[in-house]
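Going letter by letter, the sequence shown gives residues -5 to 478 in my numbering.
Right, one structure below, let's go through it.
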Amino acid sequence: MFIGREAELTFLEEKYTETKGQLIVLYGRRRVGKTETLKEFCKGKPHFFYSCTQSTDRVQLNRFSKQLLKENIPASQYISAFEDWEAAFHSFSDLPYGNQKKLVIIDEFSYMCRGNSSIPSILQNLWDSEFKDSNIMIVLCGSAMSFIENELLAEKNPLYGRATGIYKMKEMGFYDATRFFPGYSARDKVIAYAVLGGIPHYLSQWDPELSIDENIQKYVLTKGCALYSEVEFLLHQELRETPIYNAVIEAVALGSTRLNEISQKSLIEDTSKTSVYLKNLIELGIVEREFSVDRKLKEKANSNRGTYRLTDHFFRFWYTFGFANISDLEDGDVSGVYEYAVKPALHEFAALPFEEVCRIFVKELQRDNALPFRYSKMGRWMGRTTVRNPAAETGVSVAETEIDILAIGRDEKEYLVGECKFKGHPFTYSEYLDTAAKLAPLKETAKFTYALFSESGFDEQLTAEARNSGLLLYPLEAIVNYKK
């Protein structure tokens, strides 16, 4: 059963219904669901769908020819294969689809270009001379994001400026991801998302009828299952020096966020080399460089600023629990690893992804105009600010801290400060006071609204405070089930 991707399908359908020719570039990291989305889009439409392979140019052309000639185009009566790519692409005009749009999908387009670097030029010439004014829709799909962004879409490439649509597919959001296990409790949906993230391939491996405990042991930690070897497979396919990348990813997964920390943990003496490894992981969509939500562009350009984190929840899970216990897992001690390494730490592990879930929830509230004001930017805040300190004479002191959610109004006169607690006890009034102490100096010139997000509800004093003020309280059920 196909789940989600409504925005992507709507985009493709709108392009399909336009009268002029369409040249679409659809790309994203591996396993994000590009091929399945395109197959869903093609249902009920006459189409030609070709998946490129990593092969020589001649073999690629022969495979392409055989599949295209099966479409009953006139050339199929005279030849068994096209002599060159220009003739093959030109035959798109002969697809026997009547008055319907001639829909052509080329999946993993970068493989085709690796075998023959002139292919973008050939397509460009045909597009300019014929296709752009005809009833055709060509979709070029790829997982090699660096190739797509830095070569295919770059100004130097022949296809630059020709695309009528460019869509970068990202992993599913929390609300679509939870549709893979509708019977789970709100808490278990958060934990499952913390383990798998929003990659459809990972989500589809689980059995929604089994518990989280059973799924992790059976479909993640057991040697031979698809997810057990997923990380190693992807790294070997995309990167060289996988032992070094393993060390870098493990360092980030276990909490090293600064460049120097990552270098030290992964035993790389030169931080400039670490930067290159991190840059490659960012291009693959595995790592991202994060800045405090209020930082300016100039600071973001500084290579020594910002923190690094894994964007892929499953990678974070694997390097925290699987990679660290690989010897025991290879010996088949699945239950032992789960019982003594995973189970005691799983709830705490889900706390960071819960913050992401809450930010997704806030975006939905903004979309529905359900916030006190419209923010212009929202994210995590990091820096020095006031914190509660009963030992200090004033009751506060200045220290490095973070704010889970900071939404800033367009004129920077309104702020939404959010704190997220994924813990087994209610959010306390004392914890709220800790949140309220942050950014205190700004309160003289701006209006502050506080929003608290909690797995286990709120204590009585906090509930009473919310009744008598503008404090916003969001329990777990309200967050998780918001889009039901």
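All residues carry an ideal CB built from backbone N, CA and C; glycine is no exception.
Cut-off 6 Å between Cβ atoms - residues of its own chain near residue i, not counting five sequence neighbours on either side
i    : result
D170 : G(-2)
E349 : D398, C414
F311 : V189
L465 : Y444, E459
L219 : Correcting the residue identity first, residue 219 is Cys in this sequence and not Leu. Correct list, in chain order: Y213.
P194 : G27
A345 : F416
Q211 : V328, Y332
Residue span of the beta strand (DSSP E) that contains residue i, given as start and end
i    : result
E553 : Not covered by the structure: residue 553. The range shown for the chain is -5 to 478.
R283 : 281 to 284
P469 : 466 to 469
T13  : Premise fails: T13 is in no beta strand (DSSP E) and is neither H nor E.
G412 : 408 to 415
G191 : Where G191 is concerned, there is no enclosing beta strand (DSSP E), given that its DSSP letter is neither H nor E.
V133 : 130 to 136
Residues of its chain near residue i, where Cβ-Cβ distance is below 8 Å and the 5 sequence neighbours each way are ignored
i    : result
A82  : L55, F58, S59, L62, F76
I473 : A180, V351, C352, F355, F447
N66  : P90
S450 : K415, K417, G418, H419, P420, F421, L470
S45  : T29, D101, E102
E396 : R374, W375, M376
G326 : K217
Residues that residue i bridges to, as DSSP identifies them
i    : result
A364 : None, per the DSSP bridge assignment.
A393 : T379
R303 : E282
Y161 : L20
S45  : D101
S448 : K415, P469
G373 : L400
K183 : DSSP, once it has assigned bridges, lists no residue as partnering K183.
Rounded distance between the beta-carbons of residue j and residue i, thought under 8 Å
i    : j    : result
G373 : L400 : 7 Å
I142 : V19  : 7 Å
V381 : D428 : 7 Å
L275 : I243 : 7 Å
G159 : K337 : Actually they are not in contact, since the Cβ atoms of G159 and K337 sit about 46 Å apart, beyond 8 Å.
V225 : F343 : Actually they do not touch by this definition, with Cβ atoms about 16 Å apart.
P114 : N151 : 6 Å
K183 : T172 : 5 Å
Residue i at chain C interface by Cβ criterion, 8 Å
i    : result
G412 : The chain labelled as chain C is not found in the depicted structure, where only one protein chain is given.
Proximity of residue i and residue j at Cβ, strictly below 8 Å
i    : j    : result
K126 : Y21  : no
R156 : L253 : no
T251 : S260 : no
T31  : G109 : no
V287 : V246 : no
F315 : A335 : yes
C36  : I130 : no
F168 : Y187 : yes
R24  : S137 : yes
S370 : I402 : yes
M139 : G279 : yes
Neighbourhood of residue i by C-beta, 7 Å cutoff - its chain only, sequence neighbours within 5 removed
i    : result
N209 : W200, D201
A431 : T380, V381, R382, V390
F442 : Y409, V411
Y476 : F355, E358
L228 : R24
Limits of the unbroken alpha helix (DSSP H) element including residue i
i    : result
D78  : Careful: D78 lies outside any alpha helix (DSSP H) and carries neither H nor E.
L229 : 224 to 232
H341 : 337 to 343
T216 : T216 -> no alpha helix (DSSP H), and no H or E assigned at all.
W121 : 113 to 123
P237 : 236 to 247
K126 : Unbroken run through K126: none, as it is neither H nor E.
N254 : 253 to 259
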